[in-house]
Amino acid sequence: MKIYLIQRLAQMLVILLGVLMLTFVLSRILPGSPVEMMLGHRPSPEQIEAVRTELGLDKPIAMQFMVYLKGLAQGDLGTSLHTGQPVTSDLFNRFGATFELTTIALLLVVVMGIPLGVVSAVRQNTLSDHLVRSGSIAGMALPVFLIAMLLQMLFYGQLGWFPLQGRINAEIALDYPFAQRTGLYLVDTLLAGQWPAFKSAVLHLVLPVFTLVMASIAVVTRITRNTMVEVLQQDHIRTLQAYGVSRRRIYYRYALKATLIPLLTVIGLAYGYMLGGSVVVEFIFDWPGMGGYAVGGITRNDFPAVMGVTLLLAVIYLSMNLVIDLLYHLVDPRLELP
Amino acid sequence: MRACQILLLGLILSLSFTVTQARTLTYAMYGDIKDWDPAIAFSLEVLMLANVYEPLLWYNPNAQEGQFTPALATEWTVSDDGLRWTFQLRDGVRFHDGTPFTAEAAKASLDRTRAMKQGAWYIWESVQTIEAPAPLELVITTKTPQPIDLIASSQYGSYIYSPTAAAKGSEWFNRGNAVGTGPYEVRQWSQNQQVVLEANEHYWRGWDANQYDRVILRVVTENATQVQMLLSGEADFISLVPADIVKRVNAEEGLSAYAVPSWKNSQFLINTQKYPTDNKQFRQALTHLWDYETVVNQVYDGYASVAVGPIPKTMWGHNNDLGTVAFDPLRAAELLQASGVPKSDWKVSMAYIGTDEAYKNAALLFQAHAAQIGLEVELLPGEWGVIWNRAKNLNTAPNLQSMTWWPTYPTPSDWLIGMFRTEQNTLFNLSHYTNPEYDRLVTKGAALEGVDREAAIENYKQAQRILTEDAVAIFYADIQSRIARASKVGGVTENPAYNAVFFYDLYEQ
Amino acid sequence: MNTPNTAGESRPPGATSLGMSRSAPVNLPSAPTRGALAVGFSVRNKLFVFGAGLFGLILLTALFAPWLAPYDPNAINFAVKLDPPSWTHWMGTDDLGRDILSRVIYGARTSLIIGFNVILIAMAIGVPIGLLSGYFGGRLDMVLMRVTDVFLAFPPLLLPIAITAALGPSLVNAMLALAISWFPWYARIMRGAVMSIRSQLFVSAARTMRISQLKILVRHILPNAWTPALVQASMDFGYTILAAASLSFIGIGAKPPTIEWGLMVALSRSKFLDFWWTAAFPGLAIFITVLAVNLIGDGLRDILDPRARGV
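Protein chains in written order, with this note's numbering: chain E, 770 to 1107; chain B, 2 to 510; chain L, 18 to 328.
Now the structure itself:
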């Protein structure tokens, strides 16, 4: 286990280094060069040179990369051109919003998607199986922005049940103030005992969460179903059946357990979708998280902001996958590195 | 046990009574406050400025009541030679931070604004000295005769702020601080989200019961979202009212929308230094590709009229002899041919505020007409702050830049100087236009304003002609301000001199 | 994006967790299983035929757009602005009075072009990498695979966004960005396929005959390792269209006057609550196209992929 862990960590570091190199390269091919952006009207060659020196652009590329890494190590992601704040602190302020949104969505996807997949597998080729399968094929063809807009049209435009966008009603937040201790509004409002604020936060979460759920549940259901189908064909399950173990017990005790590894993968995958999807969802629902920050950064030419989000989300995604890999190992220690 | 119950009851009561609902007005504004320093702020900030700060005088559009309403000055006189202005100041006024308002404070504010040389400082350009001979007497001396009363009522650069606050510098202001004498104080600022204003309890004009205790300025960049917020009751007042939504809002119970005259006009500034629009005939071609009537009648749904030159028709000094430019694609094609720019270079970029439906539709219309004669138009929608920054720098500037202008104070020179006079550091001259003859005319006109208005107008009229001939912009619409609000909000008055809503005047009906 | 892969189950679990190419095969054996083969297969077949038919229609629509569209898709006519669907304008009009049906028809061209281009570029980068990696193995393989790992380390859609932001927003750059973030899958699939045939008899035979390495790769390995990548391509086609639409939607993909469905939905965002047709029809067009392509991809895999068939 120990050796595995070390090997795995080493591998992750290599990938991380690659990710950093990629983001570094991307941040050097900006359309309007940073020098041009910084200097005003018709800069003189001397001014350009001065700024290049200031930004370290006159140094060899390898050196620039080292400077970039050094900055990152100190938590320096640059300064947002739009907010004028360090990107790190902007991200810190927005992390809670994204985390709250994606985590709740992920939980719902797991709780709803996996049982649907199991049911579909167990009742192969029955009506419910066909329904689930066509549902997931259709679900995968729906663009996430369309889901969001349809939900807005129905639940805001027609029924008026949920707010159009935002994270909390501004007036309620002023009348029932709460300290931002965790950055998760559901937790913070409860800690402060501000019931109306909590309610408002919940109402604001519903539509974006469901958009994310609808956007990723199809994949989860599909993978669960297919893995489960395979497992059910395996010999030891058939043996259990022969021994007269109840079907329910087989499905949930043995078969599901055998699908645990693929399921962990599914969860990792789904979380990836969530993080990617959150960019569009936060944009549409004006959700003050990291995804919206990234899109805002693009429209405002705020490149440090975009790269900051990209890097942070990639690191989160990487770590998530590392954890899942380690969990595999716990579930089935026979797995080895290739 | 009984004590326990009483305690519990008390707790419940106290919980339910601690929250007294403040009378709140929610206003959706389309951009955040960028510059908090009242000496620098020169854009959308006027909404905050006009409610938090006060100038010496307010301009009054209603001529019967006198041209000005006293604000921090109660009386004012000017010497016979027109060079020395004496203001008597209001007694007993304090800034939000408790600092007393005095002539010294007023002098310090105005001197600082002049010294910073940023934003609208230039309105004080002709001032020689500002003195405070007595605690409540302010004397402003100018080099040439100038309408200082008008300048003192400007919507930018004229506000009086606390000297204690000013000592902390622009950095401090830019953290969301504002200390004026106005009816509202800034209680909270969440960048890009909202500014919360609260009534200044000690305001010298006092408060009535149904005025608003609290005003939330929500940053909502999207046109459509603002409308939705108004429809759903989340906002009581919105700032971006698409023309074609006026009827729709009026059909709704409890809401009302209408247009009021304004001194705002819209144009696309043409970059005179960037290829290929550095070519005059090429620029003229662009002005003939604009379908003026359709834009005004369809895109603005009639809440605008076709512009004649750079100055709105209702502003003094407007030159109506210029006439409107014809929408004539054939003429445009001829001009493009004649310009000598090779056909492969018939490409222009066009930047505008992406969330503004009128700009977007007008730009799409222009793009379609241009395509028919082989001119390619690249659309660059964006946020105002971003496109403005890009337009200032020739390297990143587009060929065409959207611009809606409203005057700093009611004078034609504001358009002519603010947008088209040569600038050392580009601020609003986004045409990057330089013409010594033009500069001479407008500078002379401005100097004549206080002495001989007719002569000033003569200079301005010539200047306007030069601008149209040089085709430095597509001047396309004098627009009406469109207002949409909840009908329960009373007391709305429109003052074309200020691009702001005065929340103090509002009350709940 | 919601669905980076049009058929999630074909992604080897190992690959998703950063492609630790654990024993997982290139394509997990999936649907029709022994017991249900007959029924399952016929259902799948029907769906395949349905998808293919639908896609054929879309292809024809794109090809014959100028003849099918009732109006000039760019013709502005304020007289009919924001008209609801009617006999004269089947899908209504937008806020410039342009006919939405005509725009949806022309939009098919853009989407199909995007799909083809992205897949082609992604394959052009990924296939050679996979070939070399799988054939030569060893250190080269390790390096190339770590490179693909890096590209797979980003949550879906995020890398294309970052790349487009860096290159400057435009449709061409969006396509490039999608291809760059998508090529690793082809590299991996190709590599797996190559590895499985490398040791086969005919390859060893070719080797002993001292045919040049390049020739072996191109003449013998490529044609035999082609199928899984092709299947993958058919399934990724839909994803590409979705992703490109998303990029256009957030403002970094297609721009006017290009007619693109995602862009149409984006431009209608300010109106869709009152004028549903401005968003609904272009959205529906995306949905139907992606659905058709996904059904084809699913069916193709069953028919073409020897590993998935008859498991």
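Virtual Cβ for every residue (Gly too), placed ideally from N, Cα, C.
Self-check item: Same chain, Cβ closer than 6 angstroms to Glu-223(B), neighbours up to 5 away in sequence not counted
Solution: Locating residue 223(B) in the second sequence gives position 222, where the first residue counts as 1. Hits under 6 angstroms: Thr-356.
Quiz item: With C-beta atoms as the reference, is Ala-1063(E) less than 8 angstroms away from Val-1050(E)?
Solution: Position 294 of the first sequence, counting from 1, holds the residue named residue 1063(E). Position 281 of the first sequence, counting from 1, holds the residue named residue 1050(E). Not closer than 8 angstroms, so no.
Quiz item: Under the rule that 16 or more other beta-carbon atoms within 10 Å means buried, what is His-433(B), buried or exposed?
Solution: By one-based count along the second sequence, residue 433(B) stands at place 432. Under this definition His-433(B) is a buried residue.
Exercise. Would you list the one or two residues that DSSP bridges to Ile-271(B)?
Key: By one-based count along the second sequence, residue 271(B) stands at place 270. Note: Ile-271(B) sits in a beta bridge opposite Leu-401(B).
Quiz prompt | C-alpha gap between Phe-292(L) and Val-211(L), whole angstroms | solution = Here residue 292(L) refers to the residue found at position 275 when the third sequence is read from its first residue. Here residue 211(L) refers to the residue found at position 194 when the third sequence is read from its first residue. Whole-angstrom Cα-Cα distance: 53 angstroms.
Self-check item: As assigned by DSSP and simplified to three states, the class of Gly-962(E)
Solution: Along the first sequence, read from residue 1 onward, the residue named residue 962(E) stands at position 193. Residue state, collapsed to three classes: coil.
Self-check item: Three-way DSSP call (helix, strand, coil) for Thr-78(B) in this model
Solution: Locating residue 78(B) in the second sequence gives position 77, where the first residue counts as 1. Note: Thr-78(B) maps to strand in three-state DSSP.
Self-check item: 6 angstroms Cβ shell around Trp-246(B) - same chain, five flanking residues per side excluded
Solution: Walking along the second sequence from the start, residue 246(B) turns up at place 245. The residue you asked about is not Trp; residue 246(B) is Ile in the sequence shown. In chain order, Val-228 place their CB closer than 6 angstroms to the CB of Ile-246(B), counting only its own chain and leaving out the 5 sequence neighbours on each side.
Practice problem: Run down chain B in chain order and give the residues with a C-beta less than 9 angstroms from the C-beta of Arg-1069(E). | Solution: Stepping through the first sequence from its first residue, residue 1069(E) is reached at position 300. Per Cβ cutoff of 9 angstroms: Gly-383, Glu-384, Gly-386, Val-387.
Exercise. Leaving out five residues on either side along the sequence, give the residues of the same chain with a beta carbon under 6 angstroms from the beta carbon of Ala-168(B).
Key: On the second sequence, position 167 is the one that residue 168(B) refers to. Answer for Ala-168(B): no residue qualifies.
Practice problem: Check the Cβ of Ile-303(L) against every Cβ in chain E and list those closer than 9 angstroms, keeping chain order. | Solution: Locating residue 303(L) in the third sequence gives position 286, where the first residue counts as 1. The contacting residues are Ala-910, Leu-911, Pro-912, Leu-915.
Quiz item: Helix, strand or coil: how does DSSP classify Glu-199(B) here?
Solution: Indexing the second sequence from 1 puts residue 199(B) at position 198. DSSP places Glu-199(B) in strand when its eight states are reduced to three.
Self-check item: Cβ-based burial, Val-135(L) [other Cβ within 10 Å; buried from 16]
Solution: Counted from its first residue, the third sequence places residue 135(L) at position 118. Val-135(L) is buried by the Cβ-count criterion.
Exercise. Would you mind telling me which residues of chain L sit closer than 9 angstroms to Phe-947(E), beta carbon to beta carbon, in chain order?
Key: Here residue 947(E) corresponds to residue number 178 of the first sequence, with the count starting at 1. Result: empty, since nearest Cβ-Cβ is about 30 angstroms, beyond 9 angstroms.
Quiz item: Nearest chain B C-beta to Lys-288(L) closer than 8 angstroms, yes or no?
Solution: As a position in the third sequence, residue 288(L) is number 271, starting the count at 1. Yes, Lys-288(L) lies at the interface with chain B (some Cβ there is under 8 angstroms from its Cβ).
Quiz item: Of the residues that make up the segment 273 to 287 of chain L, which ones have a beta carbon closer than 9 angstroms to any beta carbon in chain B?
Solution: Pro-273, Pro-274, Leu-284, Arg-286, Ser-287
Quiz item: Can you name the residues that DSSP bridges to Trp-533(B)?
Solution: In the structure displayed, chain B extends from 2 to 510; residue 533(B) sits before or after that span and is not available.
Quiz item: Quick one: what does DSSP say Tyr-425(B) is sitting in, helix, strand or coil?
Solution: To locate residue 425(B), count along the second sequence from 1; it is residue 424. Sequence check: residue 425(B) is Gln here, not Tyr. Here Gln-425(B) sits in coil by DSSP.
Quiz item: Taking buried to mean at least 16 other C-beta atoms within 10 Å of its own C-beta, is Phe-81(L) buried or exposed?
Solution: Looking up residue 81(L) in the third sequence gives position 64. Per the 10 Å Cβ criterion, exposed.
Quiz item: Does DSSP put Ala-364(B) in a helix, a strand or coil?
Solution: Taking the first residue of the second sequence as 1, we reach residue 364(B) at position 363. Three-state result, Ala-364(B): helix.
Practice problem: Could you spell out the range, first to last residue, of the alpha helix (DSSP H) harbouring Asp-1094(E)? | Solution: Numbered from its first residue, the first sequence carries residue 1094(E) at position 325. Its alpha helix (DSSP H) spans residues 1072 to 1100.
Practice problem: Evaluate Val-189(L) with the Cβ neighbour count: other Cβ atoms within 10 Å of its Cβ, from every protein chain shown; 16 or more gives buried, anything less gives exposed. | Solution: If you number the third sequence from 1, residue 189(L) lands on position 172. Under this definition Val-189(L) is an exposed residue.
Practice problem: May I ask which residues mark the beginning and end of the alpha helix (DSSP H) holding Gln-65(B)? | Solution: Indexing the second sequence from 1 puts residue 65(B) at position 64. If you look at Gln-65(B), you'll find it isn't in any alpha helix (DSSP H); DSSP assigns it neither H nor E.
Exercise. Can you say whether Ala-48(L) is buried or exposed, counting buried as having 16 or more other CB atoms within 10 angstroms of its CB?
Key: Here residue 48(L) refers to the residue found at position 31 when the third sequence is read from its first residue. At Ala-48(L), the pLDDT of 37 sits below 50, so the modelled position is not reliable and the matter cannot be decided from this model.
Exercise. Identify, in the order they occur along the chain, each residue of the same chain with its Cβ nearer than 7 angstroms to the Cβ of Phe-931(E), setting aside the five sequence neighbours on each side.
Key: Stepping through the first sequence from its first residue, residue 931(E) is reached at position 162. If we look at Phe-931(E) and ignore the five residues flanking it on each side, its Cβ neighbours are Phe-924, Tyr-925, Leu-972, Val-975, Leu-976.
Self-check item: Extent of the continuous alpha helix (DSSP H) to which Ser-858(E) belongs
Solution: Against the first sequence, residue 858(E) aligns to sequence position 89. From DSSP, the alpha helix (DSSP H) with Ser-858(E) extends over 856 to 891.
Self-check item: Proximal residues of chain E, C-beta to C-beta of Trp-293(L) below 7 angstroms
Solution: Position 276 of the third sequence holds residue 293(L). Simply Met-922.
Practice problem: For chain E, find out if any of its Cβ atoms is closer than 8 angstroms to the Cβ of Asp-166(L); answer yes or no. | Solution: For the purposes of this step, residue 166(L) is identified with residue 149 of the third sequence, where counting begins at 1. Yes, Asp-166(L) lies at the interface with chain E (some Cβ there is under 8 angstroms from its Cβ).
Quiz prompt | Own chain residues within Cβ distance below 6 angstroms of Leu-129(L), not counting five before or after | solution = Your numbering for residue 129(L) matches position 112 in the third sequence. Its chain contains Ala-79 as the residues whose beta carbon lies nearer than 6 angstroms to that of Leu-129(L), once the 5 sequence neighbours on both sides are disregarded; these appear in chain order.
Practice problem: In angstroms with no decimal places, state the Cα-to-Cα distance between Gly-182(B) and Glu-55(B). | Solution: As a working note, residue 182(B) is residue 181 in the second sequence. As a working note, residue 55(B) is residue 54 in the second sequence. Checking the displayed sequence, the identity of residue 182(B) turns out to be Thr instead of Gly. Each residue's Cα considered, the two are about 6 angstroms apart.
Practice problem: To the nearest angstrom, report how far apart Tyr-123(B) and Leu-366(B) are at their CA atoms. | Solution: For the purposes of this step, residue 123(B) is identified with residue 122 of the second sequence, where counting begins at 1. For the purposes of this step, residue 366(B) is identified with residue 365 of the second sequence, where counting begins at 1. Rounded to whole angstroms, the separation of the alpha carbons of Leu-366(B) and Tyr-123(B) is 37 angstroms.
Quiz item: Candidates Asn-91(L), Asp-315(L), Asp-112(L): which alpha carbon is nearest Asp-302(B)'s?
Solution: Locating residue 302(B) in the second sequence gives position 301, counting from the first residue. Per the Cα distances, Asp-112(L).
Quiz item: Taking buried to mean at least 16 other C-beta atoms within 10 Å of its own C-beta, is Asp-453(B) buried or exposed?
Solution: As a working note, residue 453(B) is residue 452 in the second sequence. Burial check for Asp-453(B): the Cβ neighbour count within 10 Å stays below 16, so the residue is exposed.
Practice problem: Could you spell out where the beta strand (DSSP E) holding Leu-380(B) opens and where it closes? | Solution: Within the second sequence, numbered from 1, the residue matching residue 380(B) stands at position 379. Counting along the chain, the unbroken beta strand (DSSP E) around Leu-380(B) starts and ends at 377 to 383.
Self-check item: Distance, Gly-1037(E) Cα to Phe-429(B) Cα
Solution: Here residue 429(B) is taken as the residue at index 428 of the second sequence, counted from 1. Here residue 1037(E) is taken as the residue at index 268 of the first sequence, counted from 1. Taking the straight line joining both Cα atoms gives about 51 angstroms.
Quiz item: Cβ of Phe-1072(E) within 8 angstroms of Cβ of Gly-1061(E)?
Solution: Counting from one through the first sequence, the residue named residue 1072(E) turns up at place 303. Counting from one through the first sequence, the residue named residue 1061(E) turns up at place 292. It is not a contact, given that the beta carbons lie outside the stated cut-off.
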